[in-house]
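J.: One structure is given below, represented as structure tokens, and several questions about it will come after.
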Amino acid sequence: MTILPMVDDSGEIVEYIGVRYDITTIMEQRETIIRQAFTHPLTKLPNRQKLLKDLKELAPSALALIDVDKFSQINDLYGYHNGDTILNTLSKEIHKHIKQTQTYNLYHLGADEFVITSTKDGLLEFETCIRNLLESIDHLAVKLEGIHVMLDLTCGISFEHPSQQLQTAAMAMKHARVIHNDIVIYKDDLAKHKEYEANIFWSSKLHIALLQNKLKPYYQPIVNNQTLQWEKYEALVRLIDSDGAVHSPFHFLNIAKQTKQYKAITRTMIEQAFEVFKDRSCAVSINISIDDIMDSQTRSFIIQSIQESKIGSHLVLEIVESEGIENFKEVKVFIQEAKALGCQIAIDDFGTGYSNFSYLLQLNPDFIKIDGSMIRNITTDKNSFLIVQTIVHFAKSIGMKTIAEFVKDKTTFETVKELGIDYSQGYYFSQPLPSIPAKCV
Numbered sequence: 283m284t285i286l287p288m289v290d291d292s293g294e295i296v297e298y299i300g301v302r303y304d305i306t307t308i309m310e311q312r313e314t315i316i317r318q319a320f321t322h323p324l325t326k327l328p329n330r331q332k333l334l335k336d337l338k339e340l341a342p343s344a345l346a347l348i349d350v351d352k353f354s355q356i357n358d359l360y361g362y363h364n365g366d367t368i369l370n371t372l373s374k375e376i377h378k379h380i381k382q383t384q385t386y387n388l389y390h391l392g393a394d395e396f397v398i399t400s401t402k403d404g405l406l407e408f409e410t411c412i413r414n415l416l417e418s419i420d421h422l423a424v425k426l427e428g429i430h431v432m433l434d435l436t437c438g439i440s441f442e443h444p445s446q447q448l449q450t451a452a453m454a455m456k457h458a459r460v461i462h463n464d465i466v467i468y469k470d471d472l473a474k475h476k477e478y479e480a481n482i483f484w485s486s487k488l489h490i491a492l493l494q495n496k497l498k499p500y501y502q503p504i505v506n507n508q509t510l511q512w513e514k515y516e517a518l519v520r521l522i523d524s525d526g527a528v529h530s531p532f533h534f535l536n537i538a539k540q541t542k543q544y545k546a547i548t549r550t551m552i553e554q555a556f557e558v559f560k561d562r563s564c565a566v567s568i569n570i571s572i573d574d575i576m577d578s579q580t581r582s583f584i585i586q587s588i589q590e591s592k593i594g595s596h597l598v599l600e601i602v603e604s605e606g607i608e609n610f611k612e613v614k615v616f617i618q619e620a621k622a623l624g625c626q627i628a629i630d631d632f633g634t635g636y637s638n639f640s641y642l643l644q645l646n647p648d649f650i651k652i653d654g655s656m657i658r659n660i661t662t663d664k665n666s667f668l669i670v671q672t673i674v675h676f677a678k679s680i681g682m683k684t685i686a687e688f689v690k691d692k693t694t695f696e697t698v699k700e701l702g703i704d705y706s707q708g709y710y711f712s713q714p715l716p717s718i719p720a721k722c723v
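Written as structure tokens, this is what we have:
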């Protein structure tokens with residue numbers, strides 16, 4: 283209501299006029315907007331925004347983060363509509379279990395994640411309640427299209443400060459998955475803060491390095507064991523820091539894969555190494571992963587770069603063996619394309635991961651690079667010696683050359699040479715170099 287006075291000629295108030303407005307619709311719309319902002323549209327439960335608000339205002343003493351195992355597979359197999367049915371069923375089951383306790387609040391964060399908080403209950407009582415909850419709905423069966431879909435849940439619990447509860451509960455839940463437990467309670471020894479900080483640090487540093495062209499190939503010679511000639515060079519990526527410090531991929535390669543910067547590293551290494559070697563006769567080795575081969579854009583870039591630089595006759599493509607090869611057909615097609623351009627193929631890190639001899643016969647590489655973890659111990663560990671001996675014998679029988687990685691000293695080199703390995707690579711001969719020696723013409 284708005285009330286206005288009416289005055290006469292002398293300024294005296296003679297009456298008032300009141301104007302009233304019906305704001306019911308405005309208030310209803312305001313309430314609807316607030317409700318939508320803090321409510322999950324599917325289950326009608328409080329959402330992530332409401333949880334974050336309550337963590338500040340209610341300061342709960344405990345938080346449990348619950349997740350459905352392999353829910354994305356359920357969506358893919360039965361469709362998102364049936365996935366929504368499952369989430370609604372699950373939310374009702376959880377609510378049924380905790381509705382008798384007024385100090386508990388249930389939230390649906392999104393996808394298949396639910397949160398339960400407690401504002402007053404003791405820590406032991408809360409843990410007991412959550413364990414009973416998981417036990418009561420363990421292997422919950424939801425009937426879809428005549429099929430009973432069984433649900434398994436994983437949970438992380440945190441009793442930390444409210445500002446840290448969601449983050450630490452997520453850490454506990456991830457650890458529960460790693461150790462295959464249904465439930466894990468967060469403790470300080472599960473903290474991943476330093477790891478996360480390092481990941482963010484190197485992700486940022488890598489991003490800047492790519493923008494500023496600070497990723498450079500360093501070249502380590504591959505030596506002919508008979509002639510001791512430096513016949514080839516492997517291009518190894520290095521990150522050059524602003525202060526001139528040189529960092530190996532140990533620090534940033536996994537982060538590059540997690541942050542989708544790996545393809546950019548492959549491209550910049552190929553561009554720079556090809557530019558250096560396109561007018562030289564000595565060979566260069568470039569590492570490529572199965573992901574590079576399976577990615578159509580990266581694969582096309584590699585083939586096109588080989589064609590344009592005409593480097594194929596002195597290029598070795600090293601496929602990282604430890605990642606495994608699941609799609610033989612596509613990898614074989616890529617190898618055939620590369621060999622048609624004059625390239626040679628090496629299987630890198632052989633002896634780790636998915637090592638087997640059968641796919642060597644299918645891929646028919648020119649070189650087998652024996653993993654450094656075995657070469658490093660070849661003079662002291664009998665098993666390493668026998669495994670390397672077997673690999674060398676197999677390679678010779680089918681006409682493949684062998685390369686020993688991590689040849690660190692004279693004793694190791696003599697043993698490698700005695701076994702009949704064709705080439706050596708390691709600090710015994712040279713560390714990776716920022717440029718190619720003049721003798722490589």
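Quick note on numbering: the working numbering labels position 119 of the sequence shown as 401, and the sequence is numbered without any gaps.
Every residue gets a Cβ at the ideal spot worked out from N, C-alpha and C, and that includes glycine.
1. Using the Cα positions of V602 and F616, report the straight-line distance between them to the nearest angstrom.
2. Please check the pair I246 and E600, which I expect to be a contact at CB under 8 Å, by giving their CB distance rounded to whole angstroms.
3. Check P328 in the structure and name its three-state DSSP category.
4. Between which residues of its own chain and F610 is the CB-CB distance below 8 Å, once the five residues before and five after are set aside?
5. Going by CA-CA distance only, name the one from T672, N414, F711 that's closest to V689.
6. Are A620 and I627 closer than 8 Å when you measure CB to CB?
7. Indicate the three-state DSSP secondary structure (helix, strand or coil) for I419 in the structure shown.
8. Should I718 be flagged as near chain C, meaning a C-beta pair shorter than 8 Å?
9. Excluding sequence positions up to five away, which residues of its chain have a Cβ less than 7 Å from the Cβ of A538?
10. Terminal residues of the continuous alpha helix (DSSP H) containing L369?
11. Q586: which of D471, D358, I572, I552 sits nearest, CA to CA?
12. If S440 sits next to Y468, beta carbons under 8 Å apart, how far is it from one beta carbon to the other, in whole angstroms?
13. Please state whether DSSP places K573 in a helix, a strand or coil.
14. Closest to P531 by C-alpha separation, out of F667, L286, L518, would be which residue?
15. Compare the Cα-Cα distances from I659 to each of L623, P647, C625, T697 and report the closest residue.
16. Apply the 10 Å Cβ neighbour rule to N414 and answer buried if 16 or more other Cβ atoms are within range, or exposed otherwise.
17. Which residues share a DSSP beta bridge with C437?
18. Out of I584, T580, H596, point me to the one whose CA is closest to D561's CA.
19. Between A346 and I398, how many whole angstroms is the CB-CB distance? I'm expecting something under 8 Å.
20. Which word fits S400, buried or exposed, when buried means at least 16 other C-beta atoms lie within 10 angstroms of its C-beta?
21. Could you check where the beta strand (DSSP E) with T284 kicks off and where it finishes?
22. Mind pulling the alpha helix (DSSP H) runs of 4 or more residues that sit fully within the stretch 511–540?
23. Suppose the cutoff is 8 Å on Cβ atoms and the five residues either side in sequence are ignored; what does the same chain contact list for S373 look like?
24. For the beta strand (DSSP E) holding T399, just list the boundary residues, first then last.
25. Using three-state DSSP, classify M682 as helix, strand or coil.
26. Could you please give the first and the last residue of the uninterrupted beta strand (DSSP E) stretch that includes G654?
27. Three Cβ pairs or more, each shorter than 8 Å: is that satisfied between the stretch 351–364 and the stretch 444–455?
28. DSSP state of T321, grouped into three classes?
T.: Answer, in terms of the structure:
1. Taking the straight line joining both Cα atoms gives about 14 Å.
2. This structure leaves residue 246 out entirely; the chain is present only between 283 and 723.
3. DSSP places P328 in strand when its eight states are reduced to three.
4. So the qualifying residues of the chain are Y641, Q644, L645.
5. Comparing Cα-Cα distances from V689 to each of T672, N414, F711, the minimum goes to F711.
6. For A620 and I627, yes; Cβs fall inside 8 Å.
7. Residue state, collapsed to three classes: coil.
8. No chain C appears in this structure, which consists of one protein chain only.
9. Cβ within range, chain order: L488, Y544, I547.
10. Run containing L369: 362–380, per the alpha helix (DSSP H) assignment.
11. The shortest C-alpha separation from Q586 is found at I552.
12. Indeed they touch by this definition, with Cβ atoms about 4 Å apart.
13. The residue you asked about is not Lys; residue 573 is Asp in the sequence shown. Look at D573 here: in three-state DSSP terms it is helix.
14. Of the candidates F667, L286, L518, the residue whose Cα lies closest to the Cα of P531 is L518.
15. With the sequence shown as reference, residue 659 is identified as Asn, and Ile is not the correct amino acid for it. Comparing Cα positions, the closest option is T697.
16. Its Cβ having fewer than 16 others within 10 Å, N414 is exposed.
17. The bridge partners DSSP lists for C437 are I348, I465.
18. Residue H596 is the option with its Cα nearest to D561.
19. That belief holds up - the Cβ atoms of A346 and I398 are roughly 5 Å apart, short of 8 Å.
20. Result: buried.
21. For T284, the uninterrupted beta strand (DSSP E) run begins and ends at 284–289, by DSSP.
22. Every alpha helix (DSSP H) stretch that sits fully inside the stretch 511–540 and reaches 4 residues is listed by chain position as 535–540.
23. Hits under 8 Å: T325, L327, L388, H390, F396.
24. First-last of the beta strand (DSSP E) with T399: 395–400.
25. Residue state, collapsed to three classes: coil.
26. Premise fails: G654 lies in the alpha helix (DSSP H), 654–657, not in any beta strand (DSSP E).
27. The stretch 351–364 vs the stretch 444–455: no contact.
28. In this structure, T321 counts as strand in the three-state DSSP scheme.
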